[in-house]
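Peer 1: Would you mind keeping the following structure in view while I ask a few things?
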Amino acid sequence: MTTTSAKIHEATSTKFNEVPFEQHYDVGEELGSGQFAIVKRVVRRSTQEQFAAKYVKKGEREVEVLKAVGGHPNVIQLHDVFETPTDVILILELVSGGELFDHVCSNEYLNEAEAAAFVRQILFGVQHLHSQFICHLDIKPENIMLKKRGESQIKLIDFGLSRRIYPGLPVKDMIGTPEFVAPEVVSYEPLSTATDMWAVGVTVVRDVRQRATVEECLNHPWIRLSEDPLQNSQPVLINVAQIRAFKIRIKWRYHTIEVVKMCNKIVKTAIIAQKITKNGKDKQMQLRIDP
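So the sequence shown is numbered by full-length UniProt numbering: it starts at 1 and just counts up by one.
Structure below.
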């Protein structure tokens, strides 16, 4: 990592500091990576606090979104932002509890009231985003994390595809994860807060244009189970076998798509190479024939 980085945004109330990133933080192991980012554990030297550093090529929109939605208990928090010649580095709250689905699948059964409590937290996070006219646009199991192992606090993460969507200003885009995108994404129609609600999948979708709002979901009797002491004292257990199978299918499809992409790339490269070789031979033949 280069030592020429400098802070480009003040994400919190901390004093602005132009000292290079590496003088603020010690970089640890890689926590995860994706198509557009790498996440590493870092330790702030002055306080020994641990954070997650997300390295992205272009992060201006994600920074703007994270600054707008900061302060909510169910949304990951942004602390600092640095820039190097090659990356934008987002210093984020360290969320170390793992994916919610992994937590659920690690148990044989799930208390129905506990399930409702998890969903309520997801909805509260989405409600906060929508109150700022921000749509996440990539809600999926991998982006719903537990704050810490052994705790039940939910955090929405990864706002790389998020954007502001205002009423009356149509936004169209082909973004998201195939298994979770709403019909309007596929048909290239205007996106809205309802696009997130498709991905949340809390209530039954009666019609593509008639999905429940966050407020309607939060007032649904099943979601309110976690608020009822009587229900909590007499839990209904949910068998998580089907959830495990669903998670396996998601991962299998993801890897299958990656393999297909790789094969397509190899085939295209081979075709281009064949054309180049053929053109080269044609030119050689032409040179031999020409007087």
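Ideal placement from N, C-alpha and C gives every residue a C-beta, glycine not left out.
Helix, strand or coil, according to DSSP, for H103 in the structure here?
Peer 2: One-based indexing of the sequence shown puts residue 103 at position 103. Looking at H103 - three-state DSSP - the assignment turns out to be helix.
Peer 1: Is it true that the CB of A199 sits closer than 8 Å to the CB of Q132?
Peer 2: Reading the sequence shown from its first residue, position 132 is the one you call residue 132. Reading the sequence shown from its first residue, position 199 is the one you call residue 199. Result no, Cβ atoms of Q132 and A199 do not sit closer than 8 Å.
Peer 1: Secondary structure at F180, three-state DSSP: helix, strand or coil?
Peer 2: Here residue 180 refers to the residue found at position 180 when the sequence shown is read from its first residue. F180: helix per DSSP, three-state reduction.
Peer 1: Please determine if the region 115–130 and the region 66–80 are in contact, where contact requires at least 3 C-beta pairs separated by less than 8 Å.
Peer 2: The region 115–130 is in contact with the region 66–80.
Peer 1: Let me make sure I understand the geometry here. Which of K58, L94, E108, A116 has the alpha-carbon closest to that of H220?
Peer 2: Working through the sequence shown from its first residue, we reach residue 220 at position 220. Per the Cα distances, A116.
Peer 1: According to DSSP, is T4 part of a helix, a strand, or is it coil?
Peer 2: On the sequence shown, position 4 is the one that residue 4 refers to. Here the model assigns T4 a pLDDT of 42, short of 50, so the residue's position is not dependable, and the following value carries that caveat. Coil at T4, not helix or strand.
Peer 1: Which full runs of the alpha helix (DSSP H) of 4+ residues lie inside the region 8–90, going along the chain?
Peer 2: Within the region 8–90, the complete alpha helix (DSSP H) runs of at least 4 residues are 21–24, 60–69.
Peer 1: Could you confirm whether any beta carbon from chain B is found closer than 8 Å to the beta carbon of G98?
Peer 2: The structure shown contains no chain B; it holds only a single protein chain.
Peer 1: Less than 8 Å between the CB atoms is what I'm expecting for R164 and I134, so what's the real figure, rounded?
Peer 2: Counting from 1 along the sequence shown, the entry for residue 164 is found at position 164. Counting from 1 along the sequence shown, the entry for residue 134 is found at position 134. 6 Å between Cβ atoms; contact.
Peer 1: Are the CB atoms of E22 and K40 within a distance shorter than 8 Å?
Peer 2: Here residue 40 corresponds to residue number 40 of the sequence shown, with the count starting at 1. Here residue 22 corresponds to residue number 22 of the sequence shown, with the count starting at 1. No, Cβ-Cβ distance for K40 and E22 is not below 8 Å.
Peer 1: Can you tell which of I144, D26, E60, L129 has its C-alpha closest to the C-alpha of S46?
Peer 2: Start at 1 with the first residue of the sequence shown, and residue 46 comes out as number 46. For the residues I144, D26, E60, L129, the minimum Cα distance to S46 belongs to D26.
Peer 1: Kindly confirm or deny that the region 138–155 and the region 91–105 touch, where touching means at least three C-beta pairs closer than 8 Å.
Peer 2: The region 138–155 vs the region 91–105: in contact.
Peer 1: For the beta strand (DSSP E) holding I154, just list the boundary residues, first then last.
Peer 2: What you label residue 154 is simply residue 154 of the sequence shown in a count that begins at 1. Unbroken beta strand (DSSP E) run through I154: 154–156.
Peer 1: What is the DSSP secondary structure of L92, counted as helix, strand or coil?
Peer 2: By one-based count along the sequence shown, residue 92 stands at place 92. Looking at L92 - three-state DSSP - the assignment turns out to be strand.
Peer 1: Among R149, R120, F159, H24, whose alpha-carbon lies nearest the alpha-carbon of S106?
Peer 2: By one-based count along the sequence shown, residue 106 stands at place 106. It is R149 whose Cα lies nearest to the Cα of S106.
Peer 1: Could you say which of Q153, P167, H136, G168 lies nearest to G176 if we only look at CA atoms?
Peer 2: Taking the sequence shown and counting its residues from 1, the one referred to as residue 176 is at position 176. Measuring from the Cα of G176, the nearest candidate turns out to be H136.
Peer 1: Rounded to a whole number of angstroms, what is the C-alpha to C-alpha distance between E60 and C217?
Peer 2: Position 60 of the sequence shown holds residue 60. Position 217 of the sequence shown holds residue 217. Cα to Cα, the separation comes out at about 32 Å.
Peer 1: Can you find a heavy atom of the ligand FAD that lies under 7 Å from the Cβ of E108?
Peer 2: The ligand FAD is absent from the structure shown, which contains no ligands of any kind.
Peer 1: Could you tell me the boundaries of the alpha helix (DSSP H) in which I122 lies?
Peer 2: Your numbering for residue 122 matches position 122 in the sequence shown. Segment 112–131, the alpha helix (DSSP H) holding I122.
Peer 1: Alpha carbons only, please: which of G168, F159, P190, L191 is nearest the one belonging to K58?
Peer 2: Locating residue 58 in the sequence shown gives position 58, counting from the first residue. Closest option to K58, Cα to Cα, is F159.
Peer 1: With distances taken Cα to Cα, identify the nearest neighbour of F180 among S33, Q35, D196, H79.
Peer 2: Counting from 1 along the sequence shown, the entry for residue 180 is found at position 180. Cα-wise, what sits closest to F180 is D196.
Peer 1: Would you mind stating whether L90 and Q77 have Cβ atoms separated by less than 8 Å?
Peer 2: Looking up residue 90 in the sequence shown gives position 90. Looking up residue 77 in the sequence shown gives position 77. No, the Cβ-Cβ distance between L90 and Q77 is not below 8 Å.
Peer 1: With DSSP run on the structure shown, which of helix, strand or coil describes M174?
Peer 2: For this step, residue 174 is matched to residue 174 along the sequence shown. Here M174 sits in coil by DSSP.
Peer 1: Quick one: what's R164 bridged to in DSSP?
Peer 2: Within the sequence shown, the letter at position 164 stands for residue 164. Looking at the DSSP assignment, R164 forms a beta bridge with I134.
Peer 1: Find out if the Cβ-Cβ distance for the pair I157, Q121 is shorter than 8 Å.
Peer 2: In the sequence shown, residue 157 corresponds to position 157, counting from 1. In the sequence shown, residue 121 corresponds to position 121, counting from 1. Result no, Cβ atoms of I157 and Q121 do not sit closer than 8 Å.
Peer 1: Looking at the secondary structure, which residues open and close the beta strand (DSSP E) in which L146 lies?
Peer 2: Walking along the sequence shown from the start, residue 146 turns up at place 146. Per DSSP, L146 belongs to the beta strand (DSSP E) from 144–146.
Peer 1: By Cβ distance below 7 Å, which residues in the same chain neighbour L31 in space, the five residues on each side in sequence not counted?
Peer 2: Here residue 31 corresponds to residue number 31 of the sequence shown, with the count starting at 1. Only V39, K40, R41, A52 meet the Cβ criterion.
Peer 1: Here's the rule I'm using: 16 or more other beta-carbon atoms within 10 Å means buried, otherwise exposed. How should I266 be labelled?
Peer 2: As a position in the sequence shown, residue 266 is number 266, starting the count at 1. It counts as exposed.
Peer 1: Between P190 and the rest of its own chain, which residues show a CB-CB distance below 8 Å, the 5 nearest in sequence each way excluded?
Peer 2: In the sequence shown, residue 190 corresponds to position 190, counting from 1. Within the same chain, P190 has close Cβ partners P170, V171, K172, E184.
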